[in-house]
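Have a look at the structure below before the remarks.
Numbering (my numbering), first residue to last: 1138 to 1525.
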């Protein structure tokens, strides 16, 4: 038996945040990253809509990229004093992930991060509050997923939380909220979304439902990502829907080694998550093709890419990823990103071991050893072919 879980309701399209006028509750805590969303009017608009239904609000701001245990604990303290019955995560993956974690410890203060990081080990939530997610970037899909990643910045330990309990009750995917994204953010989040869909489509636990969502997301992303980068309004709206489809897919099919590699190098090498995915994706496809060649070829065929044989189709798919990097001025290798050879080599053993141990490696279509992971990382640094 398999399971497929997404939010109870997903409101999407232009002005989808108008749904907030009909939500039920008395107090809502809004969790955001920087105060940019206050200055650009997004948060005031949300507060105004909630006020119409007599919901009192407070704002917790300052969630950093790669949200920390300390930030989550500060948020929980605010929640304990404010007693919200609604928690609303607004922004990119970091504030929404942080809000999910705050929700856990607001409802169960005695719980620990070690317990929370055990897969599907959470107690039943919604005893105190329900959760609404409102993404303002087009990539993470966290508004529809059962995941959150929190880091203890003092110890360096990452706590990946995976549990259907933290799937939001409502996702609001308002296509008007993404028009002000910078080109760099469009590129990074868009390649993150594409990677989500690719990895879900070749996952060892994929199913027909996740396949359908992943493939539609891939088609929409291929059609719209570069246009979105060039600031076309409709393309940005379509990308916001596309990344949500990818999120629903990978939340249920999980991911693969591209994310394992990104998770373990993002902070160490200071590489934005989506940029790391963009670098690693083409090399991971080469590595995985020995086991998942038919699935990659199917993607290429559905996209109408050139190729008569499976190998030719896979090569066309790899070239597509490379073309996206070029079109959006993204680096093709870790070396091109600016990482020194000395720093890379000094961390190679560490990142290889930790990437193999990452939970996403478990659903990658091809098993990988630490030695193979080292070779794969070396290929992504020097730009060499993956032929092992």
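Glycine included, every Cβ here is placed at the ideal spot set by N, Cα and C.
Annotation note: the stretch 1347 to 1428 contains the following uninterrupted alpha helix (DSSP H) runs of length 4 or greater, listed N- to C-terminal: 1370 to 1390, 1394 to 1406. Within 10 angstroms of the beta-carbon of residue 1260 lie fewer than 16 other beta-carbons, which makes it exposed. For residue 1448, the three-state secondary structure derived from DSSP is helix. Between residue 1304 and residue 1144, the C-beta gap is smaller than 8 Å, which places the two residues in contact. The continuous alpha helix (DSSP H) containing residue 1241 extends over residues 1230 to 1244. For the pair residue 1284 and residue 1388, the CB atoms are nearer than the 8 Å cut-off. Residue 1191 has its alpha-carbon roughly 42 Å from the corresponding atom of residue 1408. Taking C-beta atoms as the reference points, residue 1164 and residue 1219 count as a pair closer than 8 Å.
Beta-carbon to beta-carbon, residue 1525 and residue 1489 are separated by about 14 Å, too far to satisfy the 8 Å threshold.
For the 8 Å CB-CB criterion, residue 1454 and residue 1422 form a contact. Residue 1385 and residue 1412 have their C-alpha atoms some 21 Å from each other. Residue 1215 and residue 1166 do touch by the CB rule: their CB atoms are close to 7 Å apart, below 8 Å.
Put simply, the backbone Cα of residue 1154 is about 27 Å away from that of residue 1287. With respect to the 8 Å criterion, residue 1440 and residue 1356 are classified as neighbours on the basis of their beta carbons. The Cβ atoms of residue 1241 and residue 1271 do not sit closer than 8 Å to each other. Looking at the DSSP output, residue 1271 bridges to 1227. Check the Cα spacing between residue 1414 and each of 1353, 1505, 1332, 1452: the tightest is with 1332.
Nearest in C-alpha terms to residue 1295, of all of 1320, 1397, 1349, 1194, is 1397. Residue 1151 carries a coil assignment under DSSP once its states are collapsed to helix, strand and coil. Closest option to residue 1171, judged by alpha-carbon separation, among 1156, 1446, 1233, 1503: 1233. Linking residue 1505 to residue 1424 through their CA atoms gives a straight-line distance of about 9 Å. Per the C-alpha coordinates, the member of 1431, 1160, 1320 positioned closest to residue 1185 is 1160.
The Cβ neighbour count for residue 1249, taken over all protein chains shown within 10 Å, is under 16; the residue is labelled exposed. Here the C-alpha atom of residue 1212 lies approximately 6 Å from the C-alpha atom of residue 1239. Under the three-state reduction of DSSP, residue 1197 is assigned to strand. Apart from the 5 residues on each side of it in sequence, residue 1230 sits with its Cβ closer than 7 Å to the Cβ of 1277, 1279 in its chain, given in chain order. In the DSSP assignment, residue 1304 is bridged to no other residue. In the structure shown, residue 1476 adopts coil according to DSSP, grouped into three states. In summary, residue 1319 is exposed, with fewer than 16 beta-carbon neighbours lying within 10 Å of its beta-carbon over all protein chains present. No Cβ-Cβ contact shorter than 8 Å links residue 1353 with residue 1312. Distances from the alpha-carbon of residue 1314 to those of 1150, 1347, 1400, 1519 put 1150 closest. About 7 Å separates the Cβ atoms of residue 1433 and residue 1339, confirming a contact at the 8 Å cut-off. For residue 1299, the secondary structure class from DSSP, reduced to helix, strand or coil, is strand. Per DSSP, the continuous alpha helix (DSSP H) segment holding residue 1182 begins and ends at 1179 to 1189. Cβ-Cβ distances below 6 Å link residue 1418 to 1332, 1395, 1458 in the same chain, with the five nearest sequence neighbours on each side left out; the list follows chain order.
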